[in-house]
Amino acid sequence: MSTVSERYSSVAIALHWLIALAIILQLASGLWMVDALTVKETQMRAFQVYQWHKSLGLTVLILSLLRLFWRLTHRAPPLPEGMTAWERLAAKATHVLFYVLIIALPLTGWVVVSASKLGLPTLYWNLFEWPHLPLGDMAADAKAVLEERVGTLHEFLAYATIGLLVLHIGAALKHHLVERDDVLSRMIPFLRRSG
Amino acid sequence: MRRLFLTVLTLAIATLSSAGSLWAMPWGVDKGKSEITFSGVHAGAPFEGRFEDWTANIEFDPAAPENAVVLVTIQTASAKTGNSLYDGTLPGVDWFNVATFPQARFEAFGAEADGSGNYVLNGKLTIRDHTVPVTVAFQANDSEARADSTVTLQRLDFGMGSESDPTGDWVSLEIPVTVKLIAHPSAK
C-alpha cells in the first residue's frame, strides 16, 4: 500500500463534517422534541426547538445539494486496494444511501411543515420566511393525510439514518484501527500516519 | 307658500333636534393615548399584541347616550405581537384570514348611563364572518370620554384556530381584548 494517498478535497471535507454535525443535532432534537411537545412543562421549549430544527434542516438541504453537486463534479479518492468486492459494494451503497437520506430527510420535513394544519411560517434562522410547498389547493383532509404519512416517513428516514451512521462510523473505525489503512484520514487529514 | 315652507322647516329642525341622533356630537379619538390590545397564552407562555391600524367614528352626547353611535373598524392585518412567528401565523386562513376578512368591526347604537358618568355600550363585534355581542364600559363627561375595558373573547366564537387548535392545546381559547380609548368632542 502506498504511504502517501489522496485525501478528499477541502470542500468535500468541510461539507462532510458540517453536515455530520447538523445531522446529529437534527437527530437529537428531533427525537426529543416530538415527545417534549406533548408535555406541558416542555411544550414551549419544544416549540422553539421545532423552529430551530426547521432552519437547521433546510441548511442541511442546501449543504447536501451543494455536496451532491461537488461529488458529481469531483472524483473521490479511490478505496484502498485490499478491499473485497462486497466491501466495496457495501461502502458504495452506504454512501449513496447517505446522499439519499440527507436530501430526503429535509425534503420530507419541508412537506410536513407545508401540509401542517398549524399553518406556522418557516422563518429561516429568523432572517426571512422560507416558502412552503404550494399545497394551497389541497383539501384540509388530504393535507392532514399527507402530513401524517410524510411525517411517518420522515421519522422512518431518521431511524434509518441512525442505523446507517452506526454502520458508517463502525466501518470507518474498522478501517482505521483494524485495517490500519487511510480511509479515515482521507476525511480527517490530521490523522494521517506519516510515511 | 313661503310661510308654509318655514313652518315645515322649523318643525323638521325641532323634530330632528329632539330625536338627537343627527345632532349628536362627533367625537375624535386621541390616538396617541388609545390602543386596542389583546393577549393570550401559547404553549404555556403568555403573549401580547396590539392592532396598529384602526379607526373609530363616535357620535355621542352625554346627555342623550341612547343616541350614541360607535363604529370601530380594525384592520386585521395590523395585529402585531412582536413575535415574527405569531405575526406570520395570525393573517393565515385559520386565524384572521385577512385575505377574505381584512377588517373586524365593532358597532354600537346607543349607550346606557348610570347617571354618574358611567356608561355601557352594548355593541356587536364582527371578526371574520362571526358576530358576537360585546359590552364595553366607559366614563364620560361633556369634554372627555375614557374607556379602559377588557372583554374576554372566545376565539372559537369567531372560528379562529378552529382547524389548527380547536381544543386550546396550543393557543388559549380565551383571548382578552383591552380597549383603552380617550376621546374628545371634535372642534365645531
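Respectively, the protein sequence lines represent chains P and L. Using our numbering, the letters of the first sequence map in sequence onto residues 1 to 195. Using our numbering, the letters of the second sequence map in sequence onto residues 1001 to 1188. Think of the CB as a built atom: it goes at the ideal place given N, C-alpha and C, for glycine as much as any other residue. Values in this document were obtained by computation on a predicted structure and should not be read as measured data.
Out of P:L157, P:V111, P:L153 and P:Y124, state which residue places its alpha-carbon closest to the alpha-carbon of P:G136.
When each option's Cα is compared against that of P:G136, the closest is P:V111.
Hey, does P:K92 have any beta-carbon neighbour from chain A nearer than 8 Å?
Included in the structure are the protein chains P and L, with no chain A among them.
From the DSSP output, in three-state form, read off L:P1026 for me.
Of the three classes helix, strand and coil, the one that applies to L:P1026 here is strand, per DSSP.
Per DSSP, which residues does P:W130 bridge with? Please list them.
P:W130 is bridged to P:T122.
Less than 8 Å between the beta carbons of P:D43 and L:A1043, yes or no?
Checking the sequence shown, residue 43 of chain P turns out to be Gln, not Asp. With respect to the 8 Å criterion, P:Q43 and L:A1043 are classified as neighbours on the basis of their beta carbons.
Given this structure, state the Cα-to-Cα distance separating P:Y8 from L:F1158, to the nearest angstrom.
One alpha carbon belongs to P:Y8, the other to L:F1158, and they sit about 60 Å apart.
Quick one: using the 10 Å Cβ neighbour count with 16 as the cut-off for buried, is L:Y1119 buried or exposed?
Under this definition L:Y1119 is a buried residue.
Can you find a CB in chain L that lies within less than 8 Å of the CB of P:A139?
Interface criterion not met: the Cβ of P:A139 is under 8 Å from no Cβ in chain L.
DSSP beta-bridge partners for P:R218?
Absent from the structure is residue 218 of chain P, since the part of chain P shown begins at 1 and ends at 195.
Mind listing the chain L neighbours of P:M44? Cutoff is C-beta to C-beta under 9 Å, in chain order.
Simply H1042, A1043, G1044 and A1045.
In chain L, which residues lie with their C-beta within 7 Å of the C-beta of P:P121?
By Cβ distance, chain L contributes L1085, G1088 and T1089.
When DSSP labels each residue in this structure, what does L:P1065 get in the three-state scheme?
In this structure, L:P1065 counts as helix in the three-state DSSP scheme.
Which residue marks the beginning of the beta strand (DSSP E) containing L:P1176, and which one marks its end?
Counting along the chain, the beta strand (DSSP E) containing L:P1176 begins and ends at E1174 to P1185.
At the level of alpha carbons, what is the spacing between P:H168 and P:T94?
Answer to the nearest angstrom: the Cα atoms are 7 Å apart.
I want to see whether chain P comes within less than 8 Å of L:S1164, judged by CB atoms only; does it?
Yes, because at least one Cβ of chain P sits closer than 8 Å to the Cβ of L:S1164.
Nearest to L:G1067 by CA position, among L:N1083, L:A1183, L:M1025 and L:M1160, is which residue?
Reading off the sequence, residue 1067 of chain L comes out as Asn, not Gly. Residue L:M1025 holds the alpha-carbon nearest to the alpha-carbon of L:N1067 among L:N1083, L:A1183, L:M1025 and L:M1160.
If we call anything under 8 Å between Cβ atoms a contact, is L:I1182 one with L:S1034?
Result yes, Cβ atoms of L:I1182 and L:S1034 sit closer than 8 Å.
CB-CB length for L:E1107 against L:T1081, believed under 8 Å
In this structure L:E1107 is not in contact with L:T1081, their Cβ atoms being roughly 26 Å apart against a cut-off of 8 Å.
Answer yes or no: does any C-beta atom of chain L fall closer than 8 Å to that of P:E129?
Taking Cβ atoms only, chain L reaches closer than 8 Å to P:E129, which makes this a yes.
Partners in chain L for P:L118, counting only beta-carbon separations shorter than 8 Å
The answer, in chain order, is T1089, S1164, D1165 and W1170.
Applying a beta-carbon distance threshold of less than 8 Å, which residues of chain P neighbour L:G1028?
Going along chain P, no residue has its Cβ under 8 Å from L:G1028, so there is no contact; the nearest lies around 37 Å.
Whose Cβ in chain L lies nearer than 8 Å to the Cβ of P:K40?
Within 8 Å Cβ-Cβ: G1044.
If you draw a straight line from the C-alpha of L:L1156 to the C-alpha of P:S10, how long is it?
Distance between the alpha carbons of L:L1156 and P:S10 is about 56 Å.
Name, going along the chain, the residues of the stretch 1093-1106 of chain L whose beta-carbon falls closer than 8 Å to a beta-carbon of chain P.
Near chain P, meaning a CB-to-CB distance below 8 Å, the residues of the stretch 1093-1106 of chain L are V1093, D1094 and W1095.
What's the call for P:P121, buried or exposed, on a 16-neighbour Cβ count within 10 Å?
P:P121 is buried by the Cβ-count criterion.
Which whole-angstrom value is the C-beta distance of L:A1187 and L:W1027, which I expect to be below 8 Å?
With a Cβ gap of about 11 Å, L:A1187 and L:W1027 do not count as contacting.
Can you tell me the Cβ-Cβ gap for L:T1076 and L:V1098, rounded? I've got them flagged as a contact below 8 Å.
L:T1076 to L:V1098, Cβ: 5 Å. Contact.
Buried or exposed: which applies to P:A139, given that a residue is buried once 16 or more other Cβ atoms fall within 10 Å of its Cβ?
Counting the other Cβ atoms within 10 Å of the Cβ of P:A139 gives fewer than 16, which makes it exposed.
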